[in-house]
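Peer 1: To get my numbering, take the position in the sequence shown, counting from 1, and add 113.
Glycine included, every Cβ here is placed at the ideal spot set by N, Cα and C.
Since the model is a prediction, treat every value here as computed from it, not as a measurement.
This is the structure I have questions about; it appears just below.
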Amino acid sequence: MLEFVFHNPTKIVFGKDQTQRIGEFIKEKRCLLLYGGGSIFKNQIYERVVESLKNYGKEWIEKGGVKPNPVLSFVYETIDLARKEKVECILAVGGGSVIDTAKAVALGYFYEGDVWDFFIKKVEIQKALPVYVILTLAATGTEMNRYAVITNEKTKQKFNIDSELVYPVVSILDPVNTYTVPKEQVAYGCVDAMLHLLEGYFTQTYPNTPIQDGFVETLVKVLMETTQKIFESPQDYDSRANFMWATTLALNGLTTAGIGSFGFPNHIIAHSLSAFYDLPHGETLAIVFPAWLKYKFSEKKDRISKFGEAIFKERDPEKVIEKLENFYTSIGVSVRLSQVKIPEEDIPALAENAYGFAKIRNLENYTPQVIAEILKLAK
Ligand code: NZQ
Ligand code: ZN
Numbered sequence: 114m115l116e117f118v119f120h121n122p123t124k125i126v127f128g129k130d131q132t133q134r135i136g137e138f139i140k141e142k143r144c145l146l147l148y149g150g151g152s153i154f155k156n157q158i159y160e161r162v163v164e165s166l167k168n169y170g171k172e173w174i175e176k177g178g179v180k181p182n183p184v185l186s187f188v189y190e191t192i193d194l195a196r197k198e199k200v201e202c203i204l205a206v207g208g209g210s211v212i213d214t215a216k217a218v219a220l221g222y223f224y225e226g227d228v229w230d231f232f233i234k235k236v237e238i239q240k241a242l243p244v245y246v247i248l249t250l251a252a253t254g255t256e257m258n259r260y261a262v263i264t265n266e267k268t269k270q271k272f273n274i275d276s277e278l279v280y281p282v283v284s285i286l287d288p289v290n291t292y293t294v295p296k297e298q299v300a301y302g303c304v305d306a307m308l309h310l311l312e313g314y315f316t317q318t319y320p321n322t323p324i325q326d327g328f329v330e331t332l333v334k335v336l337m338e339t340t341q342k343i344f345e346s347p348q349d350y351d352s353r354a355n356f357m358w359a360t361t362l363a364l365n366g367l368t369t370a371g372i373g374s375f376g377f378p379n380h381i382i383a384h385s386l387s388a389f390y391d392l393p394h395g396e397t398l399a400i401v402f403p404a405w406l407k408y409k410f411s412e413k414k415d416r417i418s419k420f421g422e423a424i425f426k427e428r429d430p431e432k433v434i435e436k437l438e439n440f441y442t443s444i445g446v447s448v449r450l451s452q453v454k455i456p457e458e459d460i461p462a463l464a465e466n467a468y469g470f471a472k473i474r475n476l477e478n479y480t481p482q483v484i485a486e487i488l489k490l491a492k
């Protein structure tokens with residue numbers, strides 16, 4: 114195992130009936146309550162949050178309308194509102210899109226220039242408003258991590274920031290809040306969290322990491338099993354709870370501590386698909402990842418066998434990739450560009466777009482040619 118620093122400051126409050134405790138944890142007086150397209154009104158989460166804020170004497174203003182694959186123009190609008198209303202913290206009630214928007218607003222609040230500067234790494238992040246979270250959709254891990262992903266819809270760039278200043282202060286994870294998450298979002302969340310685990314597992318530079326391998330393999334198994342169980346019984350508490358905690362642990366720094374340098378090439382390529390066609394993040398990953406494994410086959414085949422043995426009791430690497438694709442298909446997620454109607458002619462432009470992000474993330478070896486080769490394997 115290699116040297117590492119592991120420090121994750123987010124306080125997690127997990128379990129049934131925890132949502133109504135949010136007021137207890139917020140230190141500031143005046144909040145911006147941020148949410149998405151309105152699911153929080155249908156499942157009573159909104160009422161519980163507002164009641165708690167009232168009980169603890171908080172003042173708040175509200176803004177809804179964050180859309181999946183959240184966009185920069187909405188971030189600008191929300192920064193203006195937050196400044197005008199002089200809020201002292203942000204309470205994000207939603208999934209990854211709402212939470213990432215809250216993080217971007219938290220950074221933009223104190224910065225005189227364009228908040229996008231942080232995403233293109235033009236300036237160092239210095240200060241952020243505190244962010245609190247009520248998680249309503251288990252998938253991205255943003256409730257306990259240092260990332261936020263926003264799409265600049267003008268330039269068609271879907272980029273992320275990476276800063277310890279955006280770890281949420283407190284995240285409430287009540288599995289009951291996810292009972293209403295529909296099947297397709299559960300499936301996308303499953304694929305997304307699997308990839309958060311597997312990007313590290315398949316790109317890590319240090320070979321001898323039994324603890325981290327074990328974490329990854331166990332979490333992948335739990336994700337796959339609980340997805341099936343949630344499909345059968347959407348209100349099964351234990352399945353929702355295990356799924357939720359697995360998705361959080363998949364991208365909070367735990368499974369990659371000690372594995373040496375690693376990359377997120379599948380995410381970089383997948384983000385271009387979302388930037389161009391507004392596709393769900395999980396679906397884009399299910400299209401890119403099998404193709405990436407095929408492209409890297411000779412280099413990665415021993416690792417694919419190890420993964421296959423742990424997950425599918427199958428060592429033949431070709432069959433392992435096939436089983437993975439079959440699993441994605443079985444939960445209703447596309448695995449080919451053609452299934453989501455992306456024509457082959459678009460591949461060069463997609464590859465060029467993804468290369469722009471790869472450079473920022475120090476993966477220059479993912480040239481437009483390499484990315485195009487990978488995408489061709491996903492036709
Ligand atoms: O907007 P509402 O009405 O709330 O509906 C949402 C949305 O339509 C719905 N939903 C959320 N909670 C629900 C619910 N529906 C019923 N019941 C509930 N309890 O689900 C839909 C999708 O929500 P969204 O927040 O977009 O999904 P997700 O959590 O998967 O977030 C995806 C975004 O996060 C980014 C992705 O790229 C994408 O932009 N990611 C963020 C990461 C991070 N910050 O660490 C890492 C990931 O790799 C990922 O890139
Ligand atoms: Zn992801």
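Say yes only if the C-beta of D305 is nearer than 6 Å to one or more non-hydrogen atoms of the ligand ZN, and no if none qualify.
Peer 2: Yes, since a heavy atom of the ligand ZN falls inside the 6 Å radius drawn around the Cβ of D305.
Peer 1: Alpha helix (DSSP H) containing V333: first to last residue?
Peer 2: Unbroken alpha helix (DSSP H) run through V333: P323 to E345.
Peer 1: May I have a chain-ordered list of the alpha helix (DSSP H) segments no shorter than 4 residues that lie completely inside the region 338 to 394?
Peer 2: Listed in chain order, the complete alpha helix (DSSP H) runs (minimum 4 residues) inside the region 338 to 394 are 350 to 362 and 378 to 390.
Peer 1: Which residue comes first and which comes last in the beta strand (DSSP E) that contains Q270?
Peer 2: That run of the beta strand (DSSP E) goes Q270 to D275.
Peer 1: Grouping DSSP H, G and I as helix and E and B as strand, with all else coil, what is Y169?
Peer 2: Coil.
Peer 1: Among residues of its own chain, excluding the 5 on either side of I192, which ones have a beta-carbon nearer than 7 Å to its beta-carbon?
Peer 2: Closer than 7 Å at Cβ, skipping near neighbours: V218, G221, Y222 and V228.
Peer 1: Indicate whether S165 and G207 have their beta-carbon atoms separated by less than 7 Å.
Peer 2: No; because the gap between Cβ atoms is not below 7 Å, this pair is not in contact.
Peer 1: If you pair each beta-carbon of the region 394 to 404 with each one of the region 434 to 452, do three or more pairs fall below 8 Å?
Peer 2: Touching, yes, given that three or more Cβ pairs across the two stretches are closer than 8 Å.
Peer 1: Against chain D, with Cβ distances strictly below 7 Å, would T191 count as a contact?
Peer 2: Absent from the structure is chain D; it holds one protein chain and no more.
Peer 1: Please classify Y245: does DSSP put it in a helix, a strand, or coil?
Peer 2: Strand at Y245.
Peer 1: Starting from the N-terminal side, write out each stretch of the alpha helix (DSSP H) that is 4 residues or longer and does not extend beyond the region 165 to 229.
Peer 2: You should have 185 to 197 and 209 to 221.
Peer 1: Can you confirm whether the region 424 to 435 touches the region 465 to 481 when touching is taken to mean that 3 or more C-beta pairs between the two stretches lie within less than 8 Å?
Peer 2: Cβ pair count under 8 Å is below three, so no.
Peer 1: Who are the Cβ neighbours of D149 in its own chain at under 8 Å, not counting the five residues just before and after it?
Peer 2: Inspection of the sequence shows that residue 149 is occupied by Gly rather than by Asp. Cβ neighbours of G149 beyond the five flanking positions: G177, G178, V179, K180, P181, G207, G208, S210 and V211.
Peer 1: Are E312 and F377 touching if we call contact CB-CB under 7 Å?
Peer 2: Result yes, Cβ atoms of E312 and F377 sit closer than 7 Å.
Peer 1: Quick check on DSSP: helix, strand or coil for S447?
Peer 2: In this structure, S447 counts as coil in the three-state DSSP scheme.
Peer 1: Skipping 5 residues on each side, what residues in its chain have a beta carbon closer than 7 Å to that of F425?
Peer 2: Around F425: V433 and K436.
Peer 1: If you compare alpha carbons, which of P243, I343, E201 and T322 is closest to R259?
Peer 2: The candidate whose alpha carbon is nearest that of R259 is P243.
Peer 1: Following a CB-centred definition, is T249 positioned closer than 6 Å to any heavy atom of the ligand NZQ?
Peer 2: Answer for T249: yes, Cβ within range of the ligand NZQ.
Peer 1: Ordered along the chain, which non-local residues of its own chain (more than five positions away) have a Cβ less than 7 Å from that of F328?
Peer 2: Same-chain partners within the cutoff: L367 and T368.
Peer 1: Assign H120 to buried or exposed, taking buried as 16 or more other Cβ atoms, counted over all protein chains shown, within 10 Å of its Cβ.
Peer 2: Under this definition H120 is an exposed residue.
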